[in-house]
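So the sequences go chain by chain: R and A. In terms of our numbering, the first sequence opens at residue 742 and continues consecutively. In terms of our numbering, the second sequence opens at residue 742 and continues consecutively. Backbone N, C-alpha and C define an ideal beta-carbon position, used for all residues, glycine too. Note that the structure is predicted; figures quoted are calculated from it, not measured.
Number of protein chains: 2
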Amino acid sequence: MQTEDLAQKLVAGDRRALARAITLVESRRADHRAEARRLVAAAAGTGRQALRIGLTGTPGVGKSSFIESFGLLLTGRGLRVAVLAVDPSSARSGGSILGDKTRMERLSRDPLAYIRPSPSQAELGGIARRTREAVALCEAAGFDVVLVETVGVGQSETLVAGMVDLFLLLLAPGGGDELQGVKRGIMEMADLILVNKADGGLLAPARRTCADYAGALRLLRKRPQDPPGYPKALCASAAEGTGLAEAWAAIEEILAWRRERGILAAARAAQARSWFEEEVRQGLLARLTGDAHQRARMAALGAEVEAGLDPSEAAARMLADLRAP
Amino acid sequence: MQTEDLAQKLVAGDRRALARAITLVESRRADHRAEARRLVAAAAGTGRQALRIGLTGTPGVGKSSFIESFGLLLTGRGLRVAVLAVDPSSARSGGSILGDKTRMERLSRDPLAYIRPSPSQAELGGIARRTREAVALCEAAGFDVVLVETVGVGQSETLVAGMVDLFLLLLAPGGGDELQGVKRGIMEMADLILVNKADGGLLAPARRTCADYAGALRLLRKRPQDPPGYPKALCASAAEGTGLAEAWAAIEEILAWRRERGILAAARAAQARSWFEEEVRQGLLARLTGDAHQRARMAALGAEVEAGLDPSEAAARMLADLRAP
Chain R
742 MQTEDLAQKL VAGDRRALAR AITLVESRRA DHRAEARRLV AAAAGTGRQA LRIGLTGTPG
802 VGKSSFIESF GLLLTGRGLR VAVLAVDPSS ARSGGSILGD KTRMERLSRD PLAYIRPSPS
862 QAELGGIARR TREAVALCEA AGFDVVLVET VGVGQSETLV AGMVDLFLLL LAPGGGDELQ
922 GVKRGIMEMA DLILVNKADG GLLAPARRTC ADYAGALRLL RKRPQDPPGY PKALCASAAE
982 GTGLAEAWAA IEEILAWRRE RGILAAARAA QARSWFEEEV RQGLLARLTG DAHQRARMAA
1042 LGAEVEAGLD PSEAAARMLA DLRAP
Chain A
742 MQTEDLAQKL VAGDRRALAR AITLVESRRA DHRAEARRLV AAAAGTGRQA LRIGLTGTPG
802 VGKSSFIESF GLLLTGRGLR VAVLAVDPSS ARSGGSILGD KTRMERLSRD PLAYIRPSPS
862 QAELGGIARR TREAVALCEA AGFDVVLVET VGVGQSETLV AGMVDLFLLL LAPGGGDELQ
922 GVKRGIMEMA DLILVNKADG GLLAPARRTC ADYAGALRLL RKRPQDPPGY PKALCASAAE
982 GTGLAEAWAA IEEILAWRRE RGILAAARAA QARSWFEEEV RQGLLARLTG DAHQRARMAA
1042 LGAEVEAGLD PSEAAARMLA DLRAP
C-alpha cells in the first residue's frame, strides 16, 4: 500500500490502516521511519485533535478494568476512544503487560474503540517519539479521546504527562501502605486522582484513601492550570461502574476551564516545543555516543568523576576532545 | 596572592582566603575561571568532606532565623558550619535575599561559622557549578557542615538537592494555605520536613501542620535511601530553640544509616557523574546556541513547532543543519 493510500484510509477511519501506520511508526527500519514521518505529517495536516488523557497507576489498582469500564462509558456516549500503552518494562519482559486486549475484552470488541498494546521492543528514548506519533495518527483517524496508559515505572509517567492534556492517577483503596505508595513526583503530576475499587467491602477504605489524598493535594501549591477546587481525588468502581460519569464530568470541567483560558493550546504548543528541543539535544548526544571512541572516553571520564575527578574538569576535557558542530 | 598560597591558606582554614577563593569561583573572567579550577582541584586533593545539607522554604517561614539558631546549635557542639546561598532571583533583584549576614548576626560573628551570600549576578545555569565548587572549597577549608540555603523558586531546589547529602524542607504553621503551599515536587525531595515557628500561639497550628505533612509523607512510596520511619516531619522553633536538637539527631540518624550502607558515597558518586554528563550536554548546546545563525534557526523552528510543525521533523531539520561534532 502506498503511503498516500494508507494516509487516506487512515483519515477515513480504517482501523487496519491505523494499525499498519502505528506499526510503521514503531519500526526502526529507515524506510519505515521515512514513511512514518510522511504519515505523521499527513496526520498533522488534518488538524484533527482528540482529548489526550494520560493514565497511570501501579499494578493491582485495576487499570485495565478501569479503562474498559471508562472506555465503554465514553463509547456509550458516542465518543471514539483509542487506548495506547507506554510500557518500558515490556522491553525487558519481552512482552506487553499493558493494552492487553484480553484484559479489556468488551472494549476491544467495541467498534468505537481501538486498543493498541505497547510495542514489545521499546526503550524509553524511542517510546517518547513513537507514542507522540501514534497519538497524532489516532487523532487523524478521528478518535475523540486518546487514552495513554502507562505503568508506574520511573520516567514513563513524566514522559506521558508531557504529551497529554490531562493526567489521571489511579489508586486502589489503602493508598498509604508500602505496596501501593505513590512513587514520588507522580502525585505532583496528577490533574485528577481516582481511587478505584470503591465497592463492596472496599468502599469505606476507598473513601478514607480518597480523603487522605485529597488532604495531601491541599498541601500542594495551586497551579495556574487548575480550576478552583482542583486537583481533586474521587472514588470510582470499574466493577460497578460507579463514579465513572463523575470522573468524566471532572475531566470535562478541567479541560473546558483550560480551553477557555487558552491554557490547553498554550500547553500543547509548549509540549511540542520542548519535544523539539529535547530531540535536538538527544540528536547531538547521539552523535557523541554514536562514536565508539567518544563513547569510551565519556565512560572513562565518568568513572574518573565517580572516583573523585572534578565534574567540571572532566566535562572540559570531554568537550575539548569534541570538535564544535 | 599566588594560587598555591591561596590554596594553602584555604586549607589552613583562613576565611579571607576562602572568601577570595569563592569570589574567583563566582567570577566569569577567563583567568579567574582557570585559577578557580586549580583551586577546586587542590580542594578535591585534600579529600576532606563535610555533611552537605540543603535547605529550602518559601519566604516567611523564617529560614534565616532557623539557620542562625540551628547553626549556633552546631557550632555550640564544636562543629564548623558554612552557609552558602543559591538564589537565582538575586540575578533579577540585583541583590541577594539569602545568606544575608544582617539577618544572621550572631552566627555571622561566630568564629566557627562562615556565611556566604548568594552571588548577585547569578543565573541558574552558572549557579550549579559555582555552588558545587564553593561547597568543595568549604570542605577543603575544614568545615564539618555545609548548609546550602535556597529560596523556593522553580529549579533551584532540584539543583541543590542534586549536590547535597540531605535535603530539608522548612515550613511555617498553616502549611495548607495558598500562601505557603509547597511547590509541587519539593515535598518529594525532602528527607526531613521541619515546621518552624512552633512556639507560643502557633504551637498548636504547627503541630497540626506537622501532622498534615507527616500524613502526606506516608502516602509516598518508601525510597531505598530512607531509614525506617523516614522521611518524617518535625516541629521546631528557631525563636525558642526547641526541636533543633531533635532535628539534628534525625539528620545524624539518616546520614549514619545511609553511610553504613554505602548509600551516601554512592549518591555522591552518582551526583558527580550526572553533573559531568550535564555539563557535557550543556557544553554541546552552548556551541549550538553560541552560533547566532544556529540560534536563530533553532528559534525559528521552535516557533514553527508551536504553530504545528511536527517536533521530530523540526529536530531532523535542525540536526541536518549541524555538522557532526
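Residues that residue i bridges to, as DSSP identifies them
i      : result
R/K973 : R/L933
A/V889 : A/G795, A/L825
A/T983 : A/S978
Classification of residue i by the beta-carbon crowding that lies within 10 angstroms, buried from 16 upward
i       : result
R/T1030 : exposed
A/L920  : In this prediction, A/L920 scores a pLDDT of 41, lower than 50, which makes its location untrustworthy; no coordinate-derived value is stated.
A/Q1012 : buried
R/E987  : exposed
A/G812  : buried
R/E890  : buried
R/T843  : exposed
R/E993  : exposed
R/D1051 : buried
R/A777  : buried
A/E1054 : buried
A/A823  : buried
A/G798  : buried
A/A991  : buried
A/R871  : buried
Residue i - containing alpha helix (DSSP H), residue span
i       : result
R/L912  : Where R/L912 is concerned, there is no enclosing alpha helix (DSSP H), although the beta strand (DSSP E) it sits in stretches over 907-912.
A/L814  : 804-817
A/F1017 : 1004-1031
A/M845  : Taken as a continuous stretch (DSSP letters only), A/M845 belongs to no alpha helix (DSSP H), as it is neither H nor E.
A/K963  : From DSSP, A/K963 is part of no alpha helix (DSSP H); its letter is neither H nor E.
R/D746  : 744-752
A/M1059 : 1052-1062
A/L759  : 756-767
A/D772  : 771-787
A/A902  : 897-902
Cβ-based neighbour list, residue i, same chain, cut-off 7 Å, excluding 5 preceding and 5 following
i      : result
R/G883 : G754, R789, R821
R/R833 : Any reading at R/R833 must be qualified, since the residue scores a pLDDT of 43, below 50, and its modelled position is unreliable; no value is offered.
R/A902 : G795, F908, M930
A/A955 : K973, A974
R/E874 : V766, A777, V781
A/P968 : E994, I995, W998
R/M928 : L910, A957
Own chain residues within Cβ distance below 8 Å of residue i, not counting five before or after
i       : result
A/D906  : L792, R793, I794, L996, R999, L1005, A1008, R1009
A/K938  : V802, G803, A913, P914, A947, S978, A979, A980
A/T787  : V752, E880, A881
A/D1062 : Q1035, R1038
Enclosing beta strand (DSSP E) for residue i [first to last residue]
i      : result
R/A854 : 854-857
Short Cβ contact (8 Å threshold) for residue i with residue j
i       : j       : result
A/P965  : A/L933  : no
A/A1027 : A/L878  : no
A/L747  : A/A758  : yes
A/V887  : A/E898  : no
A/L944  : A/L814  : no
A/R761  : A/S768  : no
R/V781  : A/A1056 : no
R/R1038 : R/M1059 : yes
R/F1017 : A/L1042 : yes
A/R847  : A/E809  : yes
A/A1044 : R/L960  : no
R/L910  : R/A869  : no
A/V876  : A/M904  : yes
A/V1046 : R/R1014 : yes
Close-in-space but distant-in-sequence residues of the same chain around residue i (CB under 6 Å, 5 per side omitted)
i       : result
A/P1066 : Unreliable placement is indicated for A/P1066, whose pLDDT of 44 sits below 50; the coordinate value is still reported in the next sentence. Counting only Cβ-Cβ distances below 6 Å, and skipping sequence neighbours, we find nothing.
R/R756  : Y855
A/A771  : none
A/D940  : S978, A980, E981
R/L853  : T816, R821
R/C951  : V936, A974, C976
* Cβ-based contacts, 8 Å cut-off: residues of the segment 749-776 of chain A near chain D -> In the structure shown, chain D cannot be found, because the protein chains are R and A.
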